[in-house]
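Inspection log for the structure reproduced underneath, given as structure tokens.
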DNA sequence: AAAACAGTTCGTATTTATACGAACAAATGG
DNA sequence: CCATTTGTTCGTATAAATACGAACTGTTTT
């Protein structure tokens with residue numbers, strides 16, 4: 039093992055973070071829904087996806103914490119969109135990773 | 039929820055499978071090592087990575103089961119390579135996913 | 001003010017991931 | 001044949017992911 043305090047490079051951590059966020063089919067499906075119409079209400083997605091509402095909230099949180107999406111809360115509705123800046127960052131990193 | 043027996047499309051499952059395999063920084067690092075020199079012995083990687091040997095074996099297994107790499111066992115050495123066919127499949131899927 | 005609506009968070013159960021050392025396996029060198 | 005080398009698998013401990021219903025939080029409607 040290399041004697042560094044940090045185990046992995048920032049780039050490796052970032053690639054892993056984005057990849058990990060996309061590492062569940064329902065999150066892939068969520069992103070596809072958002073990409074199809076730019077933004078989407080929680081309820082719209084809930085109608086399309088085979089999971090409980092609370093579970094959907096959790097997956098949305100994972101995507102939000104990875105930076106791939108952002109939510110705008112206007113109770114009782116919440117609108118989610120792709121975070122384009124980070125989306126492009128992820129795109130660049132992943133494409134670069136695959137050469 | 040849609041009333042389908044299958045919860046997600048094959049494509050969504052595949053994207054998630056590949057993404058999940060890349061969802062840990064050490065696996066990203068492993069792939070980078072393999073891409074740098076096409077093939078690599080377990081021991082070479084073990085020298086570069088901050089994890090125990092047995093843990094490395096487990097991560098290699100994850101990548102192997104996702105189809106991204108393949109191992110050639112010639113005891114006591116094992117050589118790992120990128121599985122180019124699946125690598126290109128993953129590349130295409132991921133790039134397509136990001137538009 | 002009470003009920004309804006749309007989500008989120010909490011509590012919890014179950015599964016999967018991650019990590020390590022010890023034990024094992026398969027070929028090679030003394 | 002026994003020791004060494006190189007990985008793998010096993011046993012195990014701990015942490016993280018996944019899923020659901022129940023309870024909660026703000027608006028809006030009645």
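Chains as they are written, first to last, in the numbering used here: chain A, 39 to 137; chain B, 39 to 137.
We put the beta carbon where it would ideally sit given N, CA and C, even for glycine.
Residue-chain proximity (residue i, chain B), Cβ-Cβ < 8 Å
i: residue 113 of chain A; result: no
i: residue 68 of chain A; result: no
i: residue 118 of chain A; result: no
i: residue 97 of chain A; result: no
i: residue 91 of chain A; result: no
i: residue 104 of chain A; result: no
i: residue 60 of chain A; result: yes
i: residue 71 of chain A; result: no
i: residue 101 of chain A; result: no
i: residue 122 of chain A; result: no
i: residue 136 of chain A; result: yes
Coarse secondary structure for residue i, derived from DSSP in three states
i: residue 47 of chain B; result: coil
i: residue 68 of chain A; result: helix
i: residue 60 of chain A; result: coil
i: residue 41 of chain A; result: Caution is warranted here: a pLDDT of 44 is assigned to residue 41 of chain A, below 50, making its placement in the model unreliable, and no coordinate value can be reported.
Residues that DSSP places opposite residue i in a beta bridge
i: residue 112 of chain A; result: A/115
i: residue 107 of chain A; result: A/120
Below-8 Å beta-carbon distance, residue i vs any chain A residue
i: residue 129 of chain B; result: yes
i: residue 107 of chain B; result: no
i: residue 80 of chain B; result: no
i: residue 39 of chain B; result: With a pLDDT of 44 at residue 39 of chain B, under the threshold of 50, the modelled position of this residue cannot be trusted; read the value that follows with caution. Taking Cβ atoms only, chain A reaches closer than 8 Å to residue 39 of chain B, which makes this a yes.
i: residue 94 of chain B; result: no
i: residue 45 of chain B; result: yes
Amino acids of chain B, ordered along the chain, whose beta-carbon sits closer than 8 Å to that of residue i
i: residue 75 of chain A; result: Per Cβ cutoff of 8 Å: no residues; residue 75 of chain A is ~14 Å from chain B at best.
Beta-carbon neighbours of residue i, restricted to chain B and to distances below 7 Å
i: residue 51 of chain A; result: 63
Residue i CB to nearest heavy atom of the ligand HEM below 7 Å
i: residue 55 of chain A; result: In the structure shown, the ligand HEM is absent, as is every other ligand, since no ligand is present at all.
Taking 8 Å as the cut-off, does the segment 79–96 of chain B touch the segment 60–69 of chain B (at least 3 CB pairs, one atom from each stretch)? The answer is yes - the segment 79–96 of chain B touches the segment 60–69 of chain B, with three or more Cβ pairs under 8 Å.
Measuring CB atoms only, is the segment 53–64 of chain A touching the segment 50–59 of chain B, in the sense that at least three cross pairs come out at less than 8 Å? yes
Evaluate contact between the segment 99–112 of chain A and the segment 81–88 of chain A, counting only Cβ atoms and requiring at least three cross-stretch pairs below 8 Å. The answer is no - the segment 81–88 of chain A does not touch the segment 99–112 of chain A, with fewer than three Cβ pairs under 8 Å.
Are three or more beta carbon pairs between the segment 109–125 of chain A and the segment 119–131 of chain B nearer than 8 Å? no
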